[in-house]
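Working notes, beginning with the structure itself.
Numbering (mature numbering (1 follows the signal peptide of the UniProt record, and there is no 0)), first residue to last: -20 to -1, 1 to 233.
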């Protein structure tokens, strides 16, 4: 881990500045007298909320809304970490190798800001996978309805919130990637074409494979669904959950 990076993070937390707040731009010291105004001739309308189907009762809607909010929080922080540190971050090197940082930044930003109007999260199990597939906690509907995601009852029973990251024995290397609502739903929204554009895919299927892909094919690392999840939760752990320490863990031999 680069001393400059670690020292800066520890110093930041020592003086009460944390990465949970909007990350300062490197251009802060630029000439403040410069202004640039852009006027749009038409107003761009973006559907800001993730649509939730009426099959989710009010209790499930509340939980799912909070879970989707945490997904956006996770993606936003991952994006801001890269914008702040670039390839100086050991986490960027670890998960994206020498690939362009613009690639993961863009995919996190799509989760944060892309229009979500055509998407739909539902709880009624129209394809009967929740009922018939062992231990399924949700699924993308695929060719049955490409913009729809089903959340099974099991998700509401077992998913955790971001305020428990690094607690209860969790570490990134050894714990399930879908331990938290935020990582699980990040995975699920990257299946939906409105967010993924059919580009984000699964190339690495484990933590070990993710680290290897960053070394051997960084062009794919930036569009790998699992790597985007691993990076996001790892930097959240280091920057916010346990500042300057995190809970990356190690791969068991």
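Glycine included, C-beta positions come from ideal geometry on N, C-alpha and C.
As the structure is a computational prediction, the values presented were derived from the model and not from experiment.
Going by the CB atoms, is the gap between residue 164 and residue 117 shorter than 9 angstroms?
yes
When DSSP labels each residue in this structure, what does residue 223 get in the three-state scheme?
coil
To the nearest angstrom, how far is the alpha carbon of residue 142 from that of residue 197?
30 angstroms
Contained alpha helix (DSSP H) runs [length at least 4] in the stretch 44 to 129, N- to C-terminal order:
70 to 76, 82 to 93, 109 to 112
Is the stretch 97 to 111 in contact with the stretch 122 to 132, if contact means three or more CB pairs nearer than 8 angstroms?
yes
What would DSSP say about residue 136, mapped onto helix, strand or coil?
helix
Just mark residue 144 as buried or exposed, buried being the case when its beta carbon has 16 or more other beta carbons within 10 Å.
exposed
Pick from 41, 34, 94, 38 that is closest to residue 235, judged by C-alpha positions:
Any property of residue 235 remains undetermined from this structure, which presents the chain solely from -20 to 233.
Buried or exposed: where does residue 66 fall if 16 or more other Cβ atoms within 10 Å of its Cβ makes it buried?
exposed
Using the rule of at least 16 other Cβ atoms within 10 Å of the residue's Cβ for burial, across every protein chain shown, is residue 123 buried or exposed?
exposed
Please state whether DSSP places residue 32 in a helix, a strand or coil.
strand
Between the Cα of residue 63 and the Cα atoms of 89, 52, 44, 223, which residue gives the shortest distance?
89
How would you label residue 113, buried or exposed, when you count the other beta carbons within 10 angstroms and need 16 or more for buried?
exposed
Assuming residue 162 contacts residue 54 (C-beta within less than 8 angstroms), just tell me the rounded distance between them.
4 angstroms
What does residue 131 pair with, by DSSP beta-bridge criteria?
118
Using a threshold of 9 angstroms, state whether the C-beta atoms of residue 238 and residue 206 are closer than that.
Residue 238 is absent from the structure shown; the chain starts at -20 and stops at 233.
Select from 216, 221, 151, 137 the residue whose C-alpha is nearest the C-alpha of residue 61.
216
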